[in-house]
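Residue numbers (this note's numbering): 375 to 595.
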């Protein structure tokens, strides 16, 4: 479970800042019991602050319906990489990473539709492998409702330390996945609305492939 804040702010017509702050992460480990009732492993839990990310985004090109932007992000290791009584639970990965993203977008139907493609590179430290990031997203506006579809993927270069011992999960080393996510965004008021999406893994390595769900509230200030 992750509760977070995502914030974007334009400094100029070309330069902006982006911040993602997971201020409450909850990680749990289920109790394991044999059929005869013998306890194999006790349950565990960890609550805490996660690893925030701060990015600087710059507009490289904007002409008509087309736009291209690049961003550089810093992942700050403020979460707990080994917590709980078992030391198996995490709210962060314990490493300082640098992420480069390039996004190309096109709007359609006078702003009532859009498509975006993203590629990127994540340089991880502390012996973690570097990662290739890619994704596409599209949306269509119907009245006050946006219907959105996303496909996001992550591939590991598998060039990290061979003896690195990291728990499985969203903070794993050599993590890989391909996820399809339908989403909706409903503009309730003039400057605010609600969002909901679900993620379904088509492929995953070193991560559980169960569906994920999220809801949120957005403000346009």
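By construction, the Cβ of each residue, glycine as well, lies at the ideal position given by its N, Cα and C atoms.
C-alpha of residue 385 to C-alpha of residue 577: approximately 38 Å in a straight line.
The alpha-carbon separation between residue 447 and residue 566 amounts to approximately 26 Å. Here DSSP, grouped into helix, strand and coil, assigns residue 411 to coil.
Going by DSSP, residue 500 is part of no beta strand (DSSP E) at all; its letter is neither H nor E. In its chain, beyond the 5 residues on either side, 400 have a beta carbon closer than 6 Å to the beta carbon of residue 421. For the options 583, 582, 528 and 465, the alpha carbon positioned closest to that of residue 395 is the one of 465. Looking at the DSSP output, residue 401 shares a beta bridge with 420.
Per DSSP, the unbroken beta strand (DSSP E) holding residue 379 starts and ends at 376 to 384. With a threshold of 16 other beta carbon atoms within 10 Å, residue 387 falls short and is exposed. Beyond the five residues adjoining it in sequence on each side, residue 548 comes within less than 8 Å, by CB distance, of 503, 530, 532, 534, 579 and 580 in the same chain, given in chain order. Residues 513 and 557 of the same chain have their beta carbon placed closer than 6 Å to that of residue 522, with the five preceding and five following residues left out of the count.
Residue 555 sits buried, since 16 or more C-beta atoms from the chains shown fall within 10 Å of its C-beta. DSSP links residue 524 through a beta bridge to 511 and 555. Under a 10 Å Cβ-count criterion, residue 564 is classified as exposed, with fewer than 16 other Cβ atoms of the shown protein chains found around its own Cβ. In its chain, beyond the 5 residues on either side, 390 and 391 have a beta carbon closer than 7 Å to the beta carbon of residue 383. For residue 438, the number of other beta carbons within 10 angstroms of its own is below 16, and it is reported as exposed.
Of the candidates 426, 408, 405 and 517, the residue whose Cα lies closest to the Cα of residue 376 is 426.
Between residue 560 and residue 568, the alpha-carbon positions lie close to 5 Å from each other.
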